[in-house]
Amino acid sequence: MSSPSIPQSAAPRGYIRLPAAILLSREGAELMTKSGKTLLRLKGKDGTATDGMRAEGFVAPTLQKMIMNSYVDEIFLSEPDLLTKRSDIISTNNLVLYAILYKKLSPTLGAMIIDSPVFKEFNRKNPKNAIWDMQAIPLKLASHLVEQKKNVVEQIQNELERLITERLNALDLEEEDRQLRIRSTPKFIRWADARVWYLYLVVYGTPLRQQMQNSFVEMFLQYLDNTQIASHLSNLLMEFIQNAEKAHFERIITRNGFAERSKSDSFLRDRHNRQMVIDAARRSNQMLELSWQLKTNKNSFGKSYKIGISISNFGLINEATRNQLAQKLKTNTEGISLSDFYKDSGDAEKLGAGLGLLYNSYLEDLCRAKGIKYFCNIYPEPRTEKTTVYIEITF
């Protein structure tokens, strides 16, 4: 984590300026304590106090590695406004999603090698040294071998990067999506577990070398294709945040008598008025809450990894509104492209405020096609007088 007072000009590369609480897992808390970090007792979305750290920002690669190692249980943000932090929220959401993809990729690649004919033959001939699971390989041993064979491993990785880039250039993709995947390729390759390259080196000297290379290219392409979920989810997240902030500000404006509800939009266009509303929210502790909860199965390797994202604002939706929103959440998007969401057809049921809800249906269909579990719900929390949007994705 980073110092809470880093000026903009001095911020290190990859610094995300988001004042969040990082709630640690038991393993994460033990590691931070051993390294001399002072931990705080902090509350997350559910109000339970947990060991963690708080700062005005963090270095993205550091937090991403902590997530990959299951050291982080939750990233929690409680602020009077969120839209002004749009770029940092999107960056945080992307690093969380990518961390899970990196985490899921290595066991998948390892299993693919172990299930290959060459490894089955290796295990048959070497029963005492048979490798049936990537976890059976000591990480220290694998890292040492990869360092010894550094030049060979780099040659393998460079060749994979070249082949993947060629395939991406040949695919029918939006140019922005293509460039995003190309930029992501080196990191996906080089963040693969050392044990993956340990196994790959066994195959590298056999006649199945080309077959394994082709299989790796296909697998990396599949995972790069999943990065569009991160992009779409970030856009959906900001749609929900925009709606939550609108309801949040309207409630504060009317309760403090700043303006009539019907005039709240024009009232907020004035910078001084907006700041007055933000100050009022802070004084009364009426905060918007944003949480990423990481529910990794720590007792298994390469199984499911769950991300729960929630956005909460004060104020309860009634049952009629909830039913209407639930209906929109289930909108059939078959045959509708994302670009259609941004074309003004004049249909109030499909565009405008409903954009986020239609976007949700598109993302749900996309995840279903990829075999990824996706769930989204909007519900009231009477005990805390809040309304919450909850999104859950399981890889």
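Its first residue numbered 0, the sequence shown is counted upward by one per residue in numbering that gives the first Met the number 0. A virtual CB, placed ideally from N, CA and C, is assigned to each residue, including glycine.
Neighbourhood of residue i by C-beta distance below 8 Å, restricted to the same chain and skipping five residues each side
i: I158; result: Checking the sequence shown, residue 158 turns out to be Glu, not Ile. If we look at E158 and ignore the five residues flanking it on each side, its Cβ neighbours are Q212.
i: K44; result: E73, F75, E288, S290, Q292, S309 and S311
Same chain, Cβ closer than 7 Å to residue i, five either side skipped, listed in chain order
i: L254; result: A small correction: the amino acid at residue 254 is Arg; Leu does not occupy that position in the sequence shown. Correct list: empty, nothing qualifies.
i: A279; result: I251 and N255
i: K148; result: L200
i: E120; result: none
i: M67; result: A98, Y101 and K102
i: M111; result: S214 and M218
i: L315; result: P379, P381, E384 and T386
i: S105; result: A191, D192 and V195
i: E26; result: S69 and Y70
DSSP bridge partner residues for residue i (one or two, in chain order)
i: Q292; result: E73 and G307
i: G51; result: L22 and L39
i: F374; result: E391
i: I15; result: F57
i: P137; result: P137 is not bridged to any residue.
i: P379; result: T386
i: E160; result: For E160, which the question treats as bridged, DSSP gives no partner whatsoever.
i: E78; result: L287
Whole-number beta carbon distance between residue j and residue i, since they are thought to touch under 8 Å
i: F75; j: L30; result: With a Cβ gap of about 20 Å, F75 and L30 do not count as contacting.
i: Y389; j: S309; result: 5 Å
i: Y304; j: I99; result: 5 Å
i: K395; j: L17; result: Because residue 395 is not part of the residues shown, which for the chain are 0 to 394, the question remains open.
i: S233; j: I371; result: Actually they are not in contact, since the Cβ atoms of S233 and I371 sit about 16 Å apart, beyond 8 Å.
i: A258; j: F266; result: 4 Å
i: S24; j: V58; result: That belief does not hold up - the Cβ atoms of S24 and V58 are roughly 19 Å apart, past 8 Å.
i: T107; j: M218; result: 6 Å
i: I15; j: D87; result: 5 Å
i: A410; j: D50; result: Within the shown structure, residues of the chain are numbered from 0 to 394, placing residue 410 beyond reach of any answer.
i: Q221; j: D176; result: Incorrect: roughly 15 Å between the Cβ atoms, too far for contact.
i: N225; j: K64; result: Between K64 and N225 the Cβ distance is about 20 Å, and since that is not below 8 Å, they are no contact.
Where residue i falls: helix, strand or coil (DSSP)
i: K148; result: coil
i: T387; result: strand
i: F248; result: helix
i: L287; result: strand
i: I335; result: Residue confidence for I335 is low, a pLDDT of 40 falling below 50, so the modelled location carries little weight; the figure read from the coordinates is stated next. In the structure shown, I335 sits in coil (DSSP, three-state: anything other than H, G, I, E or B).
i: N225; result: coil
i: F313; result: strand
i: P397; result: Coverage of the chain is limited to positions 0 through 394, which leaves residue 397 absent and any answer about it impossible.
i: P206; result: coil
i: E173; result: coil
i: E259; result: coil
i: G46; result: coil
i: R166; result: helix
i: R268; result: coil
i: A347; result: Reliability fails at A347, whose pLDDT of 30 lies under 50, so the model's placement of it is uncertain and no value is given.
i: I99; result: helix
i: S214; result: helix
i: N234; result: helix
i: D397; result: Since the first residue shown for the chain is 0 and the last is 394, residue 397 is missing from the structure and cannot be characterised.
i: N128; result: helix
i: N122; result: helix
i: A191; result: coil
i: S86; result: helix
Cut-off 6 Å between Cβ atoms - residues of its own chain near residue i, not counting five sequence neighbours on either side
i: A229; result: N93 and L96
i: W190; result: Y101
i: L337; result: A caution first: L337 carries a pLDDT of 37, below 50, which makes its placement in the model too unreliable to give a value.
i: K385; result: S311 and F313
i: I163; result: T184, V216 and F219
#### Entry: Contact between the segment 161 to 172 and the segment 79 to 96 (3+ Cβ pairs under 8 Å)
no
### Query
Would the segment 266 to 276 and the segment 284 to 294 be scored as touching if the rule is three or more Cβ pairs under 8 Å?
no
### Query
Touching or not, the segment 128 to 136 and the segment 183 to 203, by the rule of three or more beta carbon pairs under 8 Å?
yes
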